[in-house]
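So, in structure tokens, the structure goes:
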């Protein structure tokens, strides 16, 4: 496959990504089968903030 899109869940209440210790293994597994990994995150978005 040419690209993999990875959306890692963010726990707003806890203020952190869920299970960050698993990121290296997941990225390594994706890298074996993909030429590009695109991380999609909602961490920086705020409710009511204007789209840019």
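Residue numbers (the working numbering): 1007 to 1058.
Each residue gets a CB set at the ideal place from its N, CA and C atoms; glycine is no exception.
- Within the model, the alpha-carbon separation for residue 1020 versus residue 1014 is close to 15 Å.
- DSSP places residue 1019 in the coil class of the three-state scheme, outside both helix and strand.
- For residue 1007, same chain residues with a beta-carbon under 8 Å away, outside a window of 5 residues either side, are 1039, 1040, 1041 in chain order.
- Following the DSSP letters along the chain, one finds residue 1035 in no beta strand (DSSP E) but inside the alpha helix (DSSP H) bounded by residues 1029–1037.
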